[in-house]
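Engineer: Using the numbering used here, read the first sequence as starting at 1 and increasing by one per residue.
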Amino acid sequence: MPELPEVEVSRRGLVPYLNGKQVRAAVVRTPKLRHPIPTALPSLLAGRTLRAIDRRGKYLVFDFSNGWLILHLGMSGSLRLVVPGTPPQKHDHFDLEFADTVMRFRDPRRFGTLVWTEAAPDSHPLLAVLGIEPLLPEFDGDWLHNAIRGRSAPIKPVLMDSHLLVGVGNIYASESLFGAGISPLRAAGKISLARCRKLAIAIRKTLEASIAAGGSSVRDYVHSDGGAGCFQLSCAVYDREGLPCPVCCGPIRSVRQAGRSTYWCPRCQR
DNA sequence: CTGGTCACCTGGAAGC
DNA sequence: TGCTTCCAGGTGACCA
């Protein structure tokens, strides 16, 4: 499920329960997801205090006194808090056990990532290549216009390029372009500065609205079986092919771009 | 460099 | 009912 808002909502849901707590044990049940899971994690983490949980793009970074645990939810990953002693189910790959709760990482499709680093996390190869954070003030229309100058690829797959900017996945790329009234097929480099400003605002607004929507049910999201945290309920175009556009009532269309489904309203988006 | 395709992996939905 | 095919919200390797 996770795009940036889901990751951020998970982070906010975990912080009040885990920050400052001492790890009782760590359990690794799977040798590798996208990357090998370090077999030393149990010995590295036992007895350590979790100082903070940060986010970089769609990665969560767990800060311990002896290093950082870097976690990515992939396509199907989720984190939840369960009562100690709860038997693990299929696809439960990793547990971080505290005295009163257990953080459990489940990922059926196994596209997630769990790695350990003892150097500054931003210098880790997975994080060092990441682009700008769209929720920071440095990200605006002027930055975007400059960053996509000269690029002939359609704007939608460009928005999903994490080396350019992080956190905009397949859903929010479509939703943000709808918000800005820009066709996903338009060549990125041909979008005017004025429209890049609209797009930057739409991206931020879409992400923040989604975080806020999840934010009201953070506890449910982290504690539930996944029923909550359904951010798609409020999508304007994503997964709505043939349904009426919420603005003009014309039919939403879909097309495949770079192997991913794109949804847009041809009347509202030019 | 750039843009496009594919592989990674599992499960659910749709089609026959 | 059972089998097959396709699709899924991410990412990086690889190719032209």
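For every residue, glycine included, the Cβ atom is placed at its ideal position computed from N, Cα and C. Keep in mind it's a predicted model, so treat the numbers as computed, not measured.
1. Mind listing, in chain order, the continuous beta strand (DSSP E) runs of no fewer than 3 residues lying wholly within the segment 178-219?
2. Sorted by chain position, which residues of the same chain lie with C-beta nearer than 6 Å to residue 198's C-beta, five sequence neighbours on each side aside?
3. So, residue 184 versus residue 173, is the Cβ gap smaller than 9 Å?
4. Count the other CB atoms, across all protein chains shown, that sit within 10 Å of the CB of residue 225; report buried if there are 16 or more and exposed otherwise.
5. Measure the beta-carbon distance from residue 75 to residue 109 and round it to whole angstroms, keeping in mind my assumption that it falls under 8 Å.
6. Give the range of the beta strand (DSSP E) segment to which residue 237 is assigned.
7. Tell me the residue span of the beta strand (DSSP E) that contains residue 67.
8. Considering only the alpha carbon of each residue, which of 42, 79, 72 lies closest to residue 56?
9. Give the secondary structure of residue 228 by DSSP, where H, G and I count as helix, E and B as strand, and everything else as coil.
10. With contact counted as at least three CB pairs below 8 Å, one residue from each stretch, are the segment 140-160 and the segment 79-97 in contact?
11. Does the structure place the segment 81-98 close enough to the segment 20-35 that three or more beta carbon pairs sit under 8 Å?
12. Taking the straight line between their C-alpha atoms, what separation do you get for residue 153 and residue 35?
13. Any chance you could list the beta strand (DSSP E) runs of at least 3 consecutive residues sitting entirely within the segment 20-96, in chain order?
14. Which two residues bound the contiguous alpha helix (DSSP H) that contains residue 12?
15. Between residue 104 and the rest of its own chain, which residues show a CB-CB distance below 6 Å, the 5 nearest in sequence each way excluded?
Structural biologist: In short:
1. none
2. Position 198 of the first sequence, counted from the first residue, corresponds to residue 198. For residue 198, where only same-chain residues beyond five positions count, the Cβ hits under 6 Å are 180.
3. By one-based count along the first sequence, residue 184 stands at place 184. By one-based count along the first sequence, residue 173 stands at place 173. Yes, they are a contact pair.
4. Sequence index remark: in the first sequence, residue 225 carries index 225 (1-based). Model confidence at residue 225 stands at a pLDDT of 46, short of 50, so the residue's coordinates are unreliable; what they give is reported in the following sentence. Exposed is the call here.
5. As a first step, residue 75 must be located in the first sequence, where it is residue number 75. As a first step, residue 109 must be located in the first sequence, where it is residue number 109. At roughly 5 Å, the Cβ-Cβ gap stays under 8 Å, so residue 75 and residue 109 are in contact.
6. By one-based count along the first sequence, residue 237 stands at place 237. Premise fails: residue 237 is in no beta strand (DSSP E) and is neither H nor E.
7. Mapped onto the first sequence, residue 67 falls at position 67. Here the beta strand (DSSP E) through residue 67 covers 67-72.
8. On the first sequence, position 56 is the one that residue 56 refers to. Among 42, 79, 72, the Cα nearest to that of residue 56 belongs to 72.
9. Position 228 of the first sequence holds residue 228. Caution applies to residue 228, whose pLDDT of 40 falls short of 50 and renders its modelled position unreliable; the model cannot decide the point.
10. no
11. yes
12. Along the first sequence, one-based indexing puts residue 153 at 153. Along the first sequence, one-based indexing puts residue 35 at 35. Distance between the alpha carbons of residue 153 and residue 35 is about 30 Å.
13. 23-28, 50-56, 59-64, 67-72, 78-82
14. The residue labelled residue 12 in the question sits at position 12 within the first sequence. Run containing residue 12: 4-18, per the alpha helix (DSSP H) assignment.
15. Counting from 1 along the first sequence, the entry for residue 104 is found at position 104. 80, 82, 92, 95, listed in sequence order.
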